[in-house]
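Protein chains in written order, with the UniProt record's numbering: chain C, 1 to 206; chain A, 1 to 206.
Note sheet for the following structure.
2 protein chains.
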Amino acid sequence: MSNTTRSKPNKPDARAKLLDAAFSLIRAKGYCATSVDDLCREAGVTKGAFFHHFKSKEELGVAAANHWSEMTGIFFATAPYHDHQDPLERVLGYLDFRRAILQGEVREFTCLVGTMVQETYDTAPAIRAACEASISGHAAKIEADIAEALARAGMKPDWSAKSLALHSQAVLQGAFILAKANGGAEIAGESIDHLKRYICLLFNRS
Amino acid sequence: MSNTTRSKPNKPDARAKLLDAAFSLIRAKGYCATSVDDLCREAGVTKGAFFHHFKSKEELGVAAANHWSEMTGIFFATAPYHDHQDPLERVLGYLDFRRAILQGEVREFTCLVGTMVQETYDTAPAIRAACEASISGHAAKIEADIAEALARAGMKPDWSAKSLALHSQAVLQGAFILAKANGGAEIAGESIDHLKRYICLLFNRS
DNA sequence: AATTAAGTACCGACCAGTTGGTATGTTGTC
DNA sequence: GACAACATACCAACTGGTCGGTACTTAATT
Chain C
1 MSNTTRSKPN KPDARAKLLD AAFSLIRAKG YCATSVDDLC REAGVTKGAF
51 FHHFKSKEEL GVAAANHWSE MTGIFFATAP YHDHQDPLER VLGYLDFRRA
101 ILQGEVREFT CLVGTMVQET YDTAPAIRAA CEASISGHAA KIEADIAEAL
151 ARAGMKPDWS AKSLALHSQA VLQGAFILAK ANGGAEIAGE SIDHLKRYIC
201 LLFNRS
Chain A
1 MSNTTRSKPN KPDARAKLLD AAFSLIRAKG YCATSVDDLC REAGVTKGAF
51 FHHFKSKEEL GVAAANHWSE MTGIFFATAP YHDHQDPLER VLGYLDFRRA
101 ILQGEVREFT CLVGTMVQET YDTAPAIRAA CEASISGHAA KIEADIAEAL
151 ARAGMKPDWS AKSLALHSQA VLQGAFILAK ANGGAEIAGE SIDHLKRYIC
201 LLFNRS
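Following this line, the structure appears as structure tokens:
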């Protein structure tokens, strides 16, 4: 005990606070509209601290995307839908879960990397790559369950598990855009319902 | 005849050129990263011209979204899929058409208002509203065909024509995000395939 | 045990360039 | 000669980024 402040591995308080500020500001205003000063103000640190931890704003963007991958990875890995032993139920449970977390303000349930990649795909290759890795990394986990469900059902359709997993991410990302345009989560929820219905139809369930 | 340049209603050359510049720049870099100077440079006009036609950058954003609604309205209204007398075939033809126009660079086939609303939904209410009108206006046209297909098939499902029309827009918008992240149109095309397959399953077709 | 050296984390003044926006023209057309 | 459609010069505020300095911890040297 004794050391409330960890000796070696971390304690870079400012860095964590900046990443946190990046999550909320970029999700609300976008990457470009979020200035370095905004981030420092929100995080309660100075510009010196910012450029000590990130050598440019772009590097913070990359770090934010990577941190997002980590956080969401943990978040979904510990979600209850993994309990089902039937892989199809896990996929459906995943969608129920995603629908259930459409709570609160729009900026609180939308996707950081989906927002960021829209602005940066043509101008900041490093950010684009980090966002791509985040999305496809998440999709790969769903793909595994879909592939298992396919094998268990003895199905060999003309679509791949990967394309369906990516399609599910497209639906979610698109649902977020409609929610932003509309100002509410309702539309997003109904879109997830359609996706769930589609998967049920594909697997002849219920 | 005689007046190639319309007498009253338009001919504001600079305005049209600025709107044109807005289309290509905002689709490539986003709304915030596109500066007024950028727009003037691309359009080949001066700042004076810009602020003569638009009293602020936000007003240009609104005008661009409205112009986008007009242009895409005409573009889709004159597309060949309207020839089908069967409403379901029109819906499916619409999706084939949307898949077919995924050509060239990503910035050339993605959606202006979908891109813009992500950045502005929380900071520029007027732009958000214009983007919302654009998306839901377009969706309403598809909704009409879906409703007609539903009536013709004598179906009364537990989902509405409106929600399916909006879902199709969510899929398209999400497909654009994946295309931006991935750098290619392939993923987007496959997502549209999934949507088409879904609608076929819903209507028990082929 | 005291001193030194080095490294990390952070501060805040400062910088040149850019931002959206304005004020004051000029020019061509009805 | 009034008015729309531009052009040019200019502005304060802000942009991302730099830089010299400080406080603190750790390891090596004395």
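Quick reminder that beta carbons are idealized off the backbone N, C-alpha and C, glycines included.
None of the values given here were measured: they were computed from a predicted structure.
Inter-residue spacing [alpha-carbon to alpha-carbon] between C:Leu25 and C:Glu148: 38 Å
Residue environment, C:Ala21, which counts as buried when at least 16 other CB atoms sit within 10 Å: buried
Counting C-beta neighbours from all protein chains within 10 Å, is the total for C:Met155 16 or more, i.e. buried, or is it exposed? exposed
Report yes or no: do the stretch 194-203 of chain C and the stretch 188-200 of chain A share at least 3 C-beta pairs separated by less than 8 Å? yes
Hey, how far is the Cα of A:Ser191 from the Cα of C:Val45? 43 Å
Quick check: A:Leu39 and A:Phe23, are their CB atoms within less than 8 Å of each other? no
Going by the beta-carbon positions, is the gap between C:Ile135 and C:Gln169 smaller than 8 Å? yes
Is it right to say C:Lys55 is buried, meaning 16 or more other beta carbons lie within 10 angstroms of its own, or is it exposed? exposed
For a contact meaning CB atoms closer than 7 Å, what does A:Asn182 contact in chain C? Glu132
On the DSSP letters alone, give me the boundaries of the alpha helix (DSSP H) that C:Gly93 sits inside. Pro87 to Ala100
State the Cα-Cα distance for the pair C:Ala175 and A:Gly174, rounded to the nearest angstrom. 7 Å
Rounded to whole angstroms, how far is the Cβ of A:Tyr121 from the Cβ of C:Lys180, which I believe are closer than 8 Å? 4 Å
Does the count of Cβ pairs from the stretch 137-145 of chain A and the stretch 151-167 of chain C closer than 8 Å reach three? no
CA-CA distance, A:Leu92 and A:Leu166? 15 Å
A:Gln103 (DSSP reduced to helix, strand or coil): coil
What residue range does the alpha helix (DSSP H) around A:Gly48 cover? Lys47 to His53
Give me the residue from A:Arg27, A:Glu42, A:Ala28 and A:Cys131 with the minimum Cα distance to A:Ala16. A:Glu42
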